[in-house]
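Take a look at the structure below.
Number of protein chains: 2
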Amino acid sequence: MEPRTSLRFFFLFLAIAFLFLFTWTHLPSTPPPDVTALLDCATNSPSPWCIRLQSNKPLRVSDTPNHPLDPLTVKEINTVRSILSSHALFNSAKSYAFHSIVLEEPDKQQVLRWTKGDPLLPRLASIVARVDGHSYLLTVNLETTQVTVHDTVPLAGYPTMTVEDMTSSIWAPLSNAQFNRTITDRGVDLADLACLPISLGWFGKKEESRRLIKVQCYSMKDTANFYMRPIEGLTVILDMDTKEVVEISDHGRNIPIPKADNTDYRYSAQQLRQQQLNLVNPISIEQPKGPSFVVEDEHMVKWANWEFHLKADPRAGVIISQARVRDSDTGEMRNVMYKGFTSELFVPYMDPTDAWYFKTYMDAGEYGFGLQAMPLDPLNDCPRNAYYMDGVFPAADGKPYVRSNMICVYESYSGDIGWRHSESPITGMEIREVRPKVTLVVRMAASVANYDYIVDWEFQTDGLIRVKVGLSGILMVKGSEYDHMRQVPKHENLYGTLLSENVIGVIHDHYVTFYLDMDIDGSDNSFVKVDIKKQETSPGESPRRSYLKAVRNVAKTEKDARIQLKLYDPSEFHVVNPAKKTRVGNPVGYKVVPAATAASLLDHDDPPQKRGAFTNNQIWVTPYNQSEQWAGGLFVYQSQGDDTLAVWSERDRPIENKDIVVWYTLGFHHIPCQEDFPIMPTVSSSFDLKPVNFFESNPILRVPPNLEKDLPVCKAAVSA
Amino acid sequence: MEPRTSLRFFFLFLAIAFLFLFTWTHLPSTPPPDVTALLDCATNSPSPWCIRLQSNKPLRVSDTPNHPLDPLTVKEINTVRSILSSHALFNSAKSYAFHSIVLEEPDKQQVLRWTKGDPLLPRLASIVARVDGHSYLLTVNLETTQVTVHDTVPLAGYPTMTVEDMTSSIWAPLSNAQFNRTITDRGVDLADLACLPISLGWFGKKEESRRLIKVQCYSMKDTANFYMRPIEGLTVILDMDTKEVVEISDHGRNIPIPKADNTDYRYSAQQLRQQQLNLVNPISIEQPKGPSFVVEDEHMVKWANWEFHLKADPRAGVIISQARVRDSDTGEMRNVMYKGFTSELFVPYMDPTDAWYFKTYMDAGEYGFGLQAMPLDPLNDCPRNAYYMDGVFPAADGKPYVRSNMICVYESYSGDIGWRHSESPITGMEIREVRPKVTLVVRMAASVANYDYIVDWEFQTDGLIRVKVGLSGILMVKGSEYDHMRQVPKHENLYGTLLSENVIGVIHDHYVTFYLDMDIDGSDNSFVKVDIKKQETSPGESPRRSYLKAVRNVAKTEKDARIQLKLYDPSEFHVVNPAKKTRVGNPVGYKVVPAATAASLLDHDDPPQKRGAFTNNQIWVTPYNQSEQWAGGLFVYQSQGDDTLAVWSERDRPIENKDIVVWYTLGFHHIPCQEDFPIMPTVSSSFDLKPVNFFESNPILRVPPNLEKDLPVCKAAVSA
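One line per chain: the protein sequences are A and B, in this order. Take the first sequence: its letter number 324 is residue 324 in the numbering used here, and every next letter is one higher. Take the second sequence: its letter number 76 is residue 76 in the numbering used here, and every next letter is one higher.
This is the structure:
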């Protein structure tokens, strides 16, 4: 074994040497293999997403929580770490890591009763930690310092990876000689290597009782866009706890690594090639009197007739809480939604071969949708008039860091119309009343390795909330021996589209499942399926043979509220407060209004679909249960599907006139096309939460039109 | 009969007296019963939608056509009228009216060959006229003055109503004593009457061989929003040619006329009541260097990488022609769409009772979608940076008038993202590249009596065209004896929602069918249904049991391309040029991408659905045929469904590698809710035409990001 060990050492040395070399270049910076250094901003500045408290940058995050739902502060996270480090479980451990330290939200009814000025409710932290190879769910009471260890024994799966898990995994294969040899044999310098940590799902015994990860690599020679240069067919299975290489699957040596040409998307790369394309003149959203919203106490957003609590979360990304809208008649703030967030994603790729079958990502539970939400780019990710909010997350060692500019809030005006009416030439009345539509957008963008998910919560003054998901970023592509379609044998399935020479964009789906704890004027609500049914007329009843009627069906239990959308069997989906009626007697409510979406067509007993069974329906409704927040389960990594929304819903609990949670899944089928190469123009879809007999009448009837005198006077910038 | 005649005369006198009285008031102006006066702008100014040539207002419309597709000019329409007035058919007629005078577009291949600088192609006019009770389709050659009368004998139905047909119809019932008596018996002053001309569809013999219309009335006492005050159950059937009252159906006298309270939506009415609601500060889209588009020769719009011909049309509203996009690699302008427009609408109401069953509007063919497109309201219908285009239409006497500000064109920036990628904390590379999304919107808004349809053609720099329809305006409501839901017997069907005391919003659908003559890099294209199919793996093939694959099916004939969308049997819908491949061998194409939509569920043999059979599928494809442009047929009024897209498609003609036309229908089910009272917040949906392997790669890769130095410097307006 001696020669192999020394060979391994040689290659490790070689790799480290290359990495040092790289710190001197102006190519995309390669992270050093020292994981601690990576998150230590003192040495790693000016990395904008890595601000430790030691940093001199003024922070927008305070050390005082003001609202029961405010996220843990830097100080509170430090307190938790300090309490736990002296706790028996941790101080006797060989090793431990914090996978999550977040606020354990107080009891919902207590929060609902709380009003500004009341003493803050007891602050608790919910912690997920790995200690000596075991997963723990704990609660720490920040005041009493009491630590409660919860029983999670029945749950398969592992916690969300830490950033340190991911970053350390991608360097671990370099310690393996066989790996390094195949890389160099394929003509790739180890220094050009860029690897990704790929969650491997669960397909049976192989993925059980050991925390594993698959690593696949790319060449980043001559491009920042290494994703377009896959080293195809090479998969390293690692033990994530020990970083031991468990297995190397080495196929596809005959497949060339696609060329770097035309893959770099950075503006600097275009400038070098003098290829800028100036299509449009500068354009900006301007507000001469400033924005119409305020963010009070760091987290309460108040805009127009809305207010809601907004915070960053390492798993969900953005959490909207206690969204309330002002009734234009009574002036009262009325509850609409207690909590809304991205609960889970499911992204199965459609290639059953060795290096691809396991790519069935669940980005929130595996990678942390918030952990991957990078700082937004002012003027481009959000317009000039945006306000930015930071996130505070713990590193694996429990030390807090600040993810700056993680969320933006801005008012949007695209030129759309809120409502209008002109009298037509028929009546001849000279009426033309139009109101512009201005909305408030809350945005984050998560970069889960190659892909970028833009999640918008858009509030409209007419009471509508639009939840929009945009997909951009870079495709996960497959190397191919083909450089032209004419070479492909007739019956060969490429599992995707040939996008460029030797590059296949593999077909995949995206599902984004939202948790929507609707509280329409109170917590006890019912879910009503309003079916739109064809009714035949009786003979002689009417010259019409048919018409449509609305048939209301109140869901009694969970199974009544499992919805698969059908164009030819349509329904509306109302959440109503059965105890509250409008003046003329309609139950007040909101409806979930789907737009373009896609449904998972995978076998229900296919292991990925079992884990992603929360996508079996587009809509589910469950009774409120504080522990049921993550549609794929608490421990999603290598989960077996025993803790999903589909399993909870199977209990078929009563949901009529109860505190209920609606789950909506927004889906996309993605057959890549050449326009997605080397980076994808944003594709988006959305769904709406829309008032339905919630207001007595149009709530924006009385808003004024735009007048020229109120608009700004602008001139070109000095530099223009 | 003597006493009845004098009674009728008395009521007519009474009505006219009231009308004179009304011209002195500041209430919504009531059109005088003199139809000629209505359109005579000399006496009727300052009505902004009625500009005759006599007017002193400078016109934006020129007298010289510049492009083969330019609409007829004022001068050309006058020439047509002059040619026809001396033609035997017209100069020997007792009466005639022009229902349409538009450009007869030259042969498509001739237009495609034409380039700027070439002599203009011969100018022809296509005319639809009614002469002594018969409908004619004629062509006039403006140069040779030759008149061709086409054979339209096989077609049932009548031409689009003239504005004069509509306006004269609503006053005609006042000549009927029985009508006037029932109005006054119901407690409505004749002077408060506002009536609507309602197309009555076709349900059998009753609607044959006579041009009929139904008139229903409202009280406009104390509100501009008379639509909310129906005089329920009263329907007058008129002969539209003679204005004779054929029948009066008089039911529902027990139904009260809903109150005027809270129905007026005008800002002036809110101001009177001191009820303004200022929700947001002023906001504006500003372009310090001005817009990035030009409109050349009045109709050629050139923006960013797009150019297209734009014109107003009395039936379609907006016609986009020869849309071409620049290839960012070659610089070449490439054909995408030869012609796109709103071909027809179908709006069936879902109430089979006497006063409602026939409400199954086909707004383009019956009312003229362009004729009803009123001047847009600057700053509210379109933002400050908009450019406006006028329409030139003929009155019934053939005299041209100008519909000013009928179309707007503006650049939109809502804060959305064109494409983006951040490197995640996993790779640690400091990359954050984001490009804002700026689009060009072409907008019109048609007010077909109560309803307002906003139609947007939105061009994106990534090659996508989004076609969006917004619905706003005022509901068509039904009077009801109920003022609270508790009064409604359990099994009674209201056919809608009780919106306010005694007001029911009747359930209805909207279908908007678009004609899309796609020419992807040339006219000969194929329609490819790319099915997304579940594929089971073979035992042992993969740990996966299933995946999705894309199966391409080229439509051979029309019946292969009749598409009903299914969420669980999904497809992509490509229009490709089979003769042109990308560098790696994919056929170049565009795809039709549906978003939220609705399908008609009515019986196919229900008379309205037979007339609206073009909504039987969401997508159809036909071979190009210059005469097949109107999905409901040329003569839609009282049509019997014998000239619809469904009938044409039944011929099952070959469509592979042919010049093909795609038809897409965007649908909405509308169960009204109280928020729609008294005027509806806009609801919208859209579909996309999206490049799919049309470009070699992302066409906006090389656009620059926004930079602060390019943005404007603004200050509040002086008055602020």
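For glycine and all other residues, C-beta sits at the position ideal for the given N, C-alpha and C.
Residue pairing of B:W303 in beta bridges, as defined by DSSP: B:F293, B:W306. In the three-state scheme derived from DSSP, where H, G and I count as helix and E and B as strand, B:Y265 is classed as coil. According to DSSP, residue pairing for A:P654 in a beta bridge involves A:T557. Of the candidates B:V128, B:Q178, B:V140, the residue whose Cα lies closest to the Cα of B:M161 is B:V128. DSSP, read as helix, strand or coil, puts B:Y453 in strand.
For the 8 Å CB-CB criterion, A:P106 and A:P68 form a contact.
At a cut-off of 8 Å, the C-beta of A:S422 has a neighbouring C-beta in chain B.
Within chain A, not a single residue places a beta-carbon under 7 Å from that of B:V111; the smallest gap is close to 27 Å. B:Y547 is the residue among B:Y547, B:K559, B:V131 whose C-alpha sits nearest the C-alpha of A:N493. Beta-bridge partners of B:L471 (DSSP): B:Y453, B:V683. Residues of chain B whose Cβ lies closer than 9 Å to the Cβ of A:V336 do not exist, since the nearest Cβ in that chain is about 13 Å away.
For the pair A:V347 and B:F614, the Cα-to-Cα distance works out to about 37 Å. Taking 7 Å as the Cβ-Cβ cut-off, the segment 222-234 of chain B approaches chain A at A224, given in chain order. Using a Cβ-Cβ cut-off of 7 Å, B:F677 is close to S697, N698 of chain A, given in chain order. For B:R420, the closest C-alpha among the options A:N693, A:P712, A:V683 is that of A:V683.
Per DSSP, B:L120 has no beta bridge partner at all. A:P691 is bridged by DSSP to A:Y590.
The continuous stretches of alpha helix (DSSP H) do not include A:Q216, which lies in the beta strand (DSSP E) extending over residues 212-219. A:P314 is positioned such that its CB atom lies closer than 8 Å to that of A:V102.
Counting along the chain, the unbroken alpha helix (DSSP H) around B:Y367 starts and ends at 363-367. Non-local C-beta neighbours of B:R210 in its own chain, meaning closer than 7 Å and more than five positions away in sequence, comprise D239, ordered along the chain. Under the three-state reduction of DSSP output, B:L666 falls in the strand class.
Along the length of the segment 567-622 of chain B, whole alpha helix (DSSP H) runs at least 4 residues long occupy 607-611, reported in chain order.
Excluding the 5 residues flanking it on each side, A:I474 has same chain C-beta neighbours closer than 6 Å at Y227, N450, I679, in chain order. For B:S168, the enclosing alpha helix (DSSP H) covers residues 163-171. For A:F203, at least one C-beta of chain B is nearer than 8 Å to its own C-beta. Judged by their CB atoms, A:Y158 and A:F687 are not nearer to each other than the 8 Å cut-off.
Of all residues in the segment 558-574 of chain B, only Q564, L565, K566, L567, Y568, D569, P570, E572 place a beta-carbon less than 9 Å from a beta-carbon of chain A. Chain B has no Cβ within less than 8 Å of the Cβ of A:W648. Per DSSP, the continuous beta strand (DSSP E) segment holding A:F393 begins and ends at 387-394. Below the 9 Å Cβ cutoff, chain A contributes no neighbours of B:S404, its closest Cβ being approximately 12 Å away.
Under the DSSP assignment, B:F514 falls in the beta strand (DSSP E) whose first and last residues are 508-518. Uninterrupted alpha helix (DSSP H) stretches at least 4 residues long and entirely within the segment 78-137 of chain B occur at 88-91, 108-113, given in chain order. Contact annotation, A:A716 with B:P291: C-beta distance approximately 13 Å; criterion of less than 8 Å not satisfied.
Secondary-structure assignment with DSSP links A:G633 through no beta bridge to anything. Chain-order list of chain A residues neighbouring B:N577: empty, with the shortest C-beta distance near 14 Å, by a criterion of under 7 Å.
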